[in-house]
């Protein structure tokens, strides 16, 4: 497998401007190294100071306190466990936030993201929500991209630095949008991982090793995008129009398959949480008289009810 190709060219605007990174898990360390490699002075802070040793050895400056870290740069990037950690760390440094840009790349709910944006604004800081869509080893590579939402001016002011981490994809002013996109993407990802493990367990019951099963199953996951695009030039267009043409597949047909998966999993003694959840989507659509519609009709039972 080829190693990720790191970016070799950078935007020049804002070159060498200082950046602060708070939170030095694998993601925070990868961001710090990427910024250092592009020539930016980077100040870091972490609740467990020992985690900073490696990046300090590579040129980062360790701040003694969160306030000192914030004051070192106009751009402060947060890579934390959740948004609660932001308050725990920065409440004592709130007086230093005025005029600075906070970019929170931590995972949490859209509602907590909106609350954080209001909190930052209350302390005179500009706020961007970010959702990083690659693992730490891919930060700074051509494959990396980051969803942003919040104050567009804040993104444009620091686009040069942020683009080093991954191609910025701006979604809009509403602070919760990037977090919502991140959660939506992870919904697909985590569900697919569970499906892969369930399918591997099914095949394993027949004596097939994972090393034989997974390459075959991954071929199916790779093909999903192509299958959806083959049926519609821009996937989702019919869905937006409220159209569910059942000329290629129907809820009834897909629901029958879901029934068979539940029956097979039951006979094998496998956990039924995933197949039962999937089957429930199709049964709901059939019970509501939509068995002849395309499988996309299952979204009716998933959407929030008025």
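In this note's numbering, the protein residues as written are 9 to 314. Every residue gets a Cβ at the ideal spot worked out from N, C-alpha and C, and that includes glycine.
In its own chain, which residues sit with a C-beta less than 8 Å from the C-beta of residue i, not counting the 5 before and 5 after it?
| i | result |
| --- | --- |
| residue 300 | 254, 258, 259, 260 |
| residue 179 | 155, 156, 157, 185, 186, 189 |
| residue 18 | Residue confidence for residue 18 is low, a pLDDT of 36 falling below 50, so the modelled location carries little weight; the figure read from the coordinates is stated next. These residues qualify, in order along the chain: 46, 168, 171, 172. |
| residue 71 | 28, 51, 52, 53, 77, 80 |
| residue 106 | 131, 132, 133 |
| residue 205 | none |
| residue 256 | 239, 302 |
From the DSSP output, in three-state form, read off residue i for me.
| i | result |
| --- | --- |
| residue 85 | strand |
| residue 276 | helix |
| residue 158 | strand |
| residue 294 | helix |
| residue 306 | helix |
| residue 258 | coil |
| residue 25 | coil |
List the whole-angstrom C-beta distance separating residue i from residue j, where the pair is believed to meet the contact cut-off of C-beta under 8 Å.
| i | j | result |
| --- | --- | --- |
| residue 148 | residue 170 | Incorrect: roughly 11 Å between the Cβ atoms, too far for contact. |
| residue 78 | residue 113 | About 16 Å; that fails the 8 Å criterion. |
| residue 282 | residue 213 | Actually they do not touch by this definition, with Cβ atoms about 15 Å apart. |
| residue 101 | residue 68 | No, residue 101 and residue 68 are not in contact; Cβ-Cβ is about 18 Å, not under 8 Å. |
| residue 108 | residue 82 | 5 Å |
| residue 31 | residue 104 | Not confirmed; about 17 Å, so no contact. |
Applying the 10 Å Cβ sphere with the 16-neighbour rule, what's the burial state of residue i?
| i | result |
| --- | --- |
| residue 296 | exposed |
| residue 63 | buried |
| residue 60 | buried |
| residue 118 | buried |
| residue 24 | exposed |
| residue 228 | exposed |
| residue 310 | exposed |
| residue 166 | buried |
| residue 192 | exposed |
Once you ignore the five residues that flank residue i on each side, which residues in its own chain have a CB closer than 6 Å to its CB?
| i | result |
| --- | --- |
| residue 266 | 286, 287, 290 |
| residue 85 | 29, 111 |
If you drop the 5 nearest sequence neighbours on each side, which residues of the same chain put their C-beta closer than 7 Å to that of residue i?
| i | result |
| --- | --- |
| residue 236 | 243 |
Compute the minimum distance between the beta carbon of residue i and the heavy atoms of the ligand COA, and state whether it is under 6 Å.
| i | result |
| --- | --- |
| residue 235 | Annotation note on the ligand COA: not contained in the displayed structure, which lists no ligands. |
Give the list of continuous beta strand (DSSP E) stretches no shorter than 3 residues that lie fully inside the stretch 171-256.
175-180
Could you name each continuous beta strand (DSSP E) segment of 3 residues or more that falls completely within the stretch 90-132, going from the start of the chain to the end?
109-112
I'd like the ranges of any beta strand (DSSP E) spanning at least 3 consecutive residues and lying wholly in the stretch 39-81.
50-53
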